[in-house]
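Here the UniProt record's numbering is used: the first residue of the sequence shown is 1, the next is one more, and so on. For each residue, glycine too, the CB sits at the ideal point set by N, CA and C. What you are looking at is a predicted structure, and each value in this text was computed from that prediction instead of being measured. Read through the structure below, which is laid out as structure tokens, and then see the notes.
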Amino acid sequence: MAVTPQQIQNAQLIQNAAAQDANQTVRLVAGPGSGKSFVIEGKVLHLLSIQNVDPKSIIAISFTRAAAKDLKDRIYSHCIKKNQANVTDIRVSTLHSLALHILRKTGNMALYPTEPVIMDNWELTEIFDAEYSCLNSSTKTRCSEIRHDHEAFWSTGNWNPPSLPAIPNPVTAHERQVFQSFYDLRTQAYACVLPGEVIRSCVDKINANLIDPVAELGVEHLIVDEVQDLNPCDFEFIDLLIQRGVKVFISGDDDQSIYSFRFAFPQGIQNFTTVYPRSTSHVLVDCFRCTTSVLSAANNLISTYPSPNRIPKNLTSVYSASNPVNNGFFAANTFTRARDEAKFIANSCLALINAGVSPNDIMVLINNKREQLPTIKAEFDLLNIDYDANKKDEFKDSFHGRFILSLLRLKENQDDYLAYRIILCAPNGIGISTSCGITDKVINNLMNYKDLFINPLPPSVFSTRETKTINKAKQNIQATSSWALTDTVNQRLADIDTLLQSNFSQTEINDWRSFYNLLPSGITLEELKNYLQTDSQEEKDNILNAVNERVNGASQQAQQVQGKVKIMSFHSSKGLSAKVVFIPGLEETLFPSRPAIQSPGLILESARLLYVAITRAKAACIVSRAESRQIHGSTVRLPASRFCQSFGVPFQRASSAGISQPEVQTILTSIANL
């Protein structure tokens, strides 16, 4: 390792000062690869071992379930290694889960027939919006706009907040009233809630003095990770805890706030020391991930496009003073055609792989999958380079993929009402009107939705078609009665094939088999369920790695997981890293996108998104643009992205042959000196 012991010691002094800060409110500003997780681990250990804090009074939260799981694993592992075994009493979750826990504990979840499920994006679109459209004779697009209007209110506390993208026809008061009526009945019938509602409901009840969150949680210390991703309602929840004496430690980076479509609120971390003037603030300045040239390009970009009130920081690569110094490799290329750009990437990947770089250490990050992915895949296919372009996600968000996932969800929780609803409607030939009609009759006849699939149907309520549809769902559920989540998928492969043959076309059966062939042998039904349910690429990789290690042993595991270049979106790459990263398509309207160009604020967020993409790279990052590209079947000339002038590196015209041998050697040397 080229990083010197003195550099590590100097960084640890800053990290330990943040971890051991006992102030009421503490802010940690931590850029990519600067050791934020080490600080949080150290913070927990210090509370337990030095301050003797009751672990049950400590709560840590992160933005997504996958991030929370990773945070929990890191905290538990670190403290257990230090013989602090009672760390497992600490609650680590998302803020949504924390709010649900409070509502459940105070009896507010008794409003539903069972503990409600939070709907994901597919369920919101294919169930909620689809039914709302069917019942109100509106387009799914309009239904989505009306739902988003409510989610904006829940997330920000305001109707029509400035962060809500403008639409041609603003949502009316009447539409909001109709939506609320539909929402109340449907979420009751399906025992589900929309994502934004949970924390808003909790906050409103706390403000009304109907809930004492500190008493219900028994919390004294709250640790918040990835705080730049939280929305105003989330911050209101945190503020209510601070007002009641809870000590709060927040960590994040306003330069990595990239979720405005979820109403992320970077001002929360920026203004924290102003809102709480007695706060202390710590800034981690040493980047252990990116080599010098990579981080320099990223810093130049974010300095050129700073957000208002950006927190000052001087993030520096430790490799600028390592032994030996590791400058890494950053290049910016121009190509005549997008096809040449794709060929360059494919040829470069092949040269790196042939030189000994694992395909798993290479990422290609794209912003527009529809316009960029087919061309890149075609060139990879020509050179027989294995890649993972999230094909598995396409399966998960198909009706046959959701059908399989819902059957597995029922094996875990027989009170999962949404799973019953998906099993009912997913098979071919069952329209949304049939699904809506069944639910309407459940509501109008004072019935329970789950009972349809458990008990005999009442006479003279459902039509012949509806009865046939319900009975078919019952048969499908009954076909899994002997399954256990500990079974391997291979053990149940024939059963799954039979179920799909009874409900879907041969095309969909082939899609399932193609998907299954991408999975490691020996994966269990539970692991398959977990894999399909997570949106985190990092958690997916962890699941597959665990399967390979269990089935093949540690010696074989590395061989199993190293074989594919990852092609993914900028957003999907957050939380990941690779030794070599390619970022093509830096052209106006492609990146920044056409919608982003309409808003100065979205241009700044696009800069932050590109900053996140570049800082995934450890040793090498190669950005590029094409002068022309096929869009909707026509060749279109696009100007260079405005961000291209911000890297501090001039763009060079390149051929499709790929990086040169001297460049390959430079990258190999940089990787060796990480």
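Under 8 Å Cβ to Cβ from residue i, same chain only, skipping five residues before and after it: list those, please.
i, result
"R147", "L124, F128, D129, Y132, F179 and L194"
"Y417", "P113, T114, V117, A189, Y190, A191, C192, Y449 and K450"
"A264", "Q228, D229, L230, N231, S257 and I258"
"A484", "K411 and L525"
"L602", "S260, P592, P595 and A596"
"V489", "I496, Y516, L519, I523, T524, L525 and L528"
"S628", "T336, R337, A338, T635, V636, R637 and L638"
Just to confirm my understanding: we take residue i, look at its own chain, exclude 5 residues before and 5 after, and list those with CB closer than 6 Å. What are they?
i, result
"K247", "Q24 and H221"
"I430", "T469"
"T280", "D21, N23 and V26"
"F380", "A346 and Y387"
"V275", "none"
"S656", "D340, K343 and F344"
"N300", "S646, F647 and G648"
Please tell me whether residue i and residue j are closer than 7 Å, where the distance is taken between their beta carbons.
i, j, result
"I80", "V44", "no"
"V357", "G328", "no"
"Q267", "I311", "no"
"C425", "C134", "no"
"P359", "V565", "yes"
"A297", "F515", "no"
"D440", "A578", "no"
"S322", "A672", "no"
"L586", "V623", "yes"
"S260", "E605", "yes"
"T334", "F591", "no"
"G218", "S57", "yes"
"G196", "W154", "yes"
"residue 675", "S62", "With the chain represented from 1 up to 674, any question about residue 675 goes unanswered, as that position is not in the structure."
"K140", "E216", "no"
"D286", "G31", "no"
"I206", "L240", "yes"
"V203", "E236", "yes"
"P213", "I102", "yes"
"I302", "D255", "yes"
Since residue i and residue j should fall inside the 8 Å C-beta cutoff, what is the C-beta to C-beta distance between them, to a whole number of angstroms?
i, j, result
"F643", "A607", "6 Å"
"S251", "I40", "6 Å"
"H282", "L28", "5 Å"
Would you tell me roughly how many angstroms separate the C-alpha atoms of residue i and residue j, rounded to the nearest one?
i, j, result
"E466", "Y531", "33 Å"
"T316", "R616", "15 Å"
"S569", "N368", "8 Å"
"P168", "S144", "14 Å"
"N545", "V325", "33 Å"
"P427", "T291", "51 Å"
"V117", "Y449", "14 Å"
"H46", "L71", "16 Å"
"D234", "H571", "21 Å"
"L95", "R653", "48 Å"
"N83", "G563", "37 Å"
"T669", "S37", "28 Å"
"L407", "I423", "7 Å"
"A18", "A208", "35 Å"
"D415", "A332", "54 Å"
"M119", "S49", "39 Å"
"R637", "K618", "32 Å"
"A338", "V171", "40 Å"
"T589", "I631", "11 Å"
"I404", "N476", "10 Å"
"P55", "P162", "40 Å"
"F395", "A67", "23 Å"
"Q556", "R492", "Bear in mind that the predicted position of Q556 carries a pLDDT of just 48, short of 50, making it unreliable; the figure below should be weighed with that in mind. Looking at the two C-alpha atoms, the distance is approximately 25 Å."
Using C-beta distances below 7 Å, list every residue in its chain close to residue i, excluding the 5 sequence neighbours before and after it, in chain order.
i, result
"S320", "T292"
"T88", "Y76"
"V461", "K441 and N445"
"I659", "S348 and A351"
"K69", "E539"
Mind checking who residue i pairs with in its DSSP beta bridge?
i, result
"D286", "T316"
"R27", "I250 and S281"
"V39", "None, per the DSSP bridge assignment."
"D89", "None; D89 has no bridge partner."
"F329", "A620"
"P587", "One detail in the question is off: residue 587 reads as Glu in this sequence, not Pro. Its beta-bridge partners are A640."
"M109", "DSSP, once it has assigned bridges, lists no residue as partnering M109."
"I118", "V193"
"V364", "I567 and F582"
7 Å is my cut-off, CB to CB: does residue i come that close to chain D?
i, result
"N347", "The chain inventory of the structure shown lacks chain D, comprising one protein chain alone."
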